[in-house]
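Below: the structure, in structure tokens.
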Amino acid sequence: MEKSLKIQKEKIILKLKDYFKQEASGYHIEMVFLYGSWARGYPHYDSDLDLALLFSSPIKTEESLFALITQISYELSKDLGREVNIIPIYSDFPHPMLYYNAIILGMPLYIKDKDKYIQLKLESIYQMEDFQIFGITWQRKVAQDIIKEIIHAEFNYAKGRITDSLQFIATEIKEFEEDYSTKIWKDYKEDRKLQKLMDRTIENIFTALIEICGTILTQEGISAESYAQALSECAQRLGFSEEEQEILAKIAMQRNRLAHRYLNFRWQAIDMFIKNKLLILKLLTKISEKPE
1 MEKSLKIQKE KIILKLKDYF KQEASGYHIE MVFLYGSWAR GYPHYDSDLD
51 LALLFSSPIK TEESLFALIT QISYELSKDL GREVNIIPIY SDFPHPMLYY
101 NAIILGMPLY IKDKDKYIQL KLESIYQMED FQIFGITWQR KVAQDIIKEI
151 IHAEFNYAKG RITDSLQFIA TEIKEFEEDY STKIWKDYKE DRKLQKLMDR
201 TIENIFTALI EICGTILTQE GISAESYAQA LSECAQRLGF SEEEQEILAK
251 IAMQRNRLAH RYLNFRWQAI DMFIKNKLLI LKLLTKISEK PE
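The sequence shown begins at 1 in the UniProt record's numbering and counts up one residue at a time.
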């Protein structure tokens, strides 16, 4: 790793440790792990930060957990100027390979109880050994999805016409309204094909919206270090309130939850689009009225 990147990594880790040292108690966090490229030593300057959190006690609802993780992601993304992806660690280990990468191969940033940490490591090893016997096919599928994501993840904010992107988003929203607006959690949960279709439609909307806002900022000589910043900065320049800017920033962060299909809370990300559709349409209207 080159020296400047190593220094950047040290600064990021120090900030993360300070943040969780101050905030862990208030958010009832038991342990925090950094995993992925920033933990394993092969990051790029713009690589996302991947964190796994274990909470002291179960959060009552998935919606409450989603809101909590989104808030923490937003605060860290705003402070660090990069994408932050957070997964919760559930006691029943539904994602043994992912948890193994975080707990065993990752870097502990905050540990409240060392004895519980040792127990968690042992459980992670046990679950992974069991998973390796039965989960080879699933592992291959995850690898294929990650490769596809790497291939399609690069955005060039300077390319494409804003008008074309606006038309694309309008088409995607219309398709969602016609095909999926009446679907509920039960429909989504029981139909894997429907999950992929709904995920992809909302991901397309979020991705195109981020690209449009990034293009506008680029044209004005402003750089955005994260998806959240791209939307909030664009909204600020178009006269949106601070509350609206924060909501749009949190919406931008859901793009990765849908793109990385192995992560949790995809339905909550879709629901966030549904609940804030009018705000998104307001942003699109403001953009459409802005001269290119």
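Virtual Cβ for every residue (Gly too), placed ideally from N, Cα, C. Just so it is clear, the structure is predicted and the values come from calculations on it, not from any experiment.
For residue i versus residue j, is the C-beta distance shorter than 8 Å?
i	j	result
E220	T201	no
I205	I173	yes
Q127	P96	yes
Y15	D79	Before going further, note that residue 15 is Lys rather than Tyr in the sequence given. Result yes, Cβ atoms of K15 and D79 sit closer than 8 Å.
L231	A208	no
A52	F33	yes
E244	L279	yes
Q254	A269	yes
I169	T215	no
DSSP three-state call for residue i: helix, strand or coil?
i	result
Y100	helix
I59	coil
L53	strand
Y157	Legend: pLDDT at Y157 = 41, less than 50; position of this residue unreliable, no value from coordinates given.
L194	helix
L279	helix
L248	helix
L238	coil
I222	coil
L109	strand
S91	coil
F265	coil
E6	What sits at residue 6 in the sequence shown is Lys, not Glu. K6: helix per DSSP, three-state reduction.
Return the Cβ separation of residue i and residue j in integer angstroms, given the expectation that the two are a contact with Cβ distance under 8 Å.
i	j	result
S165	E211	6 Å
H28	S56	4 Å
A259	E203	6 Å
S226	S4	At roughly 20 Å, the Cβ-Cβ gap does not stay under 8 Å, so S226 and S4 are not in contact.
N85	D50	5 Å
Applying the criterion that 16 or more other CB atoms from any shown protein chain within 10 Å of the CB defines a buried residue, is residue i buried or exposed?
i	result
Y45	exposed
P94	exposed
R82	buried
Fill in: Every unbroken alpha helix (DSSP H) inside the region 11 to 50 [4 residues or more]
37 to 40
Discussion item. Please give the ranges of any alpha helix (DSSP H) in the region 59 to 89, keeping only runs that are unbroken, at least 4 residues long and fully inside the region.
Written reply: 62 to 80
Worksheet entry | Inside the region 169 to 217 only - beta strand (DSSP E) runs reaching at least 3 residues | none
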